[in-house]
Structures are given as structure tokens and as C-alpha cells.
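**Student:** Residue numbers -25 to -1, 1 to 119, in mature numbering (1 follows the signal peptide of the UniProt record, and there is no 0), belong to the letters of the sequence shown in order.
The beta-carbon is built from N, C-alpha and C at its ideal position, and this holds for glycine as well.
Remember, it's a predicted structure, so these values are computed and weren't measured experimentally.
First the structure, which I've put down as C-alpha cells, then a few questions once you've had a look.
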Amino acid sequence: MRSVISFLFVLTCLAAYGYVAPAEAASVVAKIDLSEQRMHVYVNGVQRHSWLVSTARKGYRTPIGTFRPGRMHQRYFSKKYHGSPMPHSVFFHGGYAIHGTDAIKSLGRPASHGCVRLHPDNARALFTLIQQSGKQNTRIVVTR
């Protein structure tokens, strides 16, 4: 019994200090490959979607790492970039989000200020999937 309590204490401490479990522990994993300009979405380890994205163009950056979804908005407008629409936004690192775009012709190449842009239908599908699975069961992984 003592070892179980110790284990739970360690887990509680890790959570308190912002530890993010490995991506494989999540039931939904959105993997964004910057070099491919593609997002692969896995549910319980099985790839369910593969979508073109646009990430940061020259002079901007998309953060690399493993993140949990933060705030989510069905309708959102950028406060920084002239009220640009960001439908089905999933914020994952400060002001960086995955969201739909009307610049569909730019998908597949770097074109954003750092956000991960998706076709609006795909952004809606990801948003719904995260809502259904729960933010705590989702990981966003951004790699070079």
C-alpha cells in the first residue's frame, strides 16, 4: 500500500510541475511535420487522418515540441493580425493555434505567422475529435 501511495504522490508532483506525458499515452495525437507540411491524426495509435497544413513562413516560427490543447473556440478572430478569422481554433502554446483558414491554396507550404492552418472542414473535424476525446487525452506534437 505504501508503494502505491508513493507512486500517486510522484504522479501528483509531476502534474503540478507541468509534466506532459509522452504522446503515446494520449488517445488522440495530432502530429504536425513541418518539413512535410502535413498533419497526421492518430486515434488510439491508429492513423485516422492525414491533412495538408500551412505553418510559419520565413521570418516566423511554429513552436516545436509536445503540447496539450489549451483554450478552444469554434469562432475566433485574431487580436494580433487584423481580426483574421481563425475558425475551430485549438490553442496549444500561448497565442499559437491550429485553426481553419480560407487560404486553402496555400496549404502544403509555409504561409502563416506561426499557427498551423488547416482546411476548414479538417479543422472542424479535429476540433470535434478533441472535444469528444477530451483535452486531457489529446497531444499535439510538432516536429521538424
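Less than 8 Å between the beta carbons of Ile39 and Arg119, yes or no?
**Tutor:** yes
**Student:** If you count every other CB in all the chains shown that lies within 10 Å of the CB of Lys55, and 16 or more means buried, which is it?
**Tutor:** exposed
**Student:** Go to Gln106, then tell me how far its alpha helix (DSSP H) extends in each direction, as first and last residue.
**Tutor:** 95 to 108
**Student:** Span of the beta strand (DSSP E) holding Arg23?
**Tutor:** 21 to 27
**Student:** Check the DSSP bridge columns for Met47 and list the partner residues they point to.
**Tutor:** Val65
**Student:** Which residues in the same chain as Pro(-4) place their Cβ atom closer than 6 Å to its Cβ, once the five residues preceding and following it in sequence are excluded?
**Tutor:** The predicted position of Pro(-4) is uncertain, since its pLDDT is 48 and thus under 50; a value taken from the coordinates is nonetheless stated next. Excluding positions up to five away in sequence, the list is empty.
**Student:** Are three or more beta carbon pairs between the segment 93 to 110 and the segment 52 to 69 nearer than 8 Å?
**Tutor:** In this structure the segment 93 to 110 lies against the segment 52 to 69, because at least three pairs of beta carbons, one per stretch, are closer than 8 Å.
**Student:** Between which residues of its own chain and Tyr51 is the CB-CB distance below 6 Å, once the five residues before and five after are set aside?
**Tutor:** Met61, Ser64
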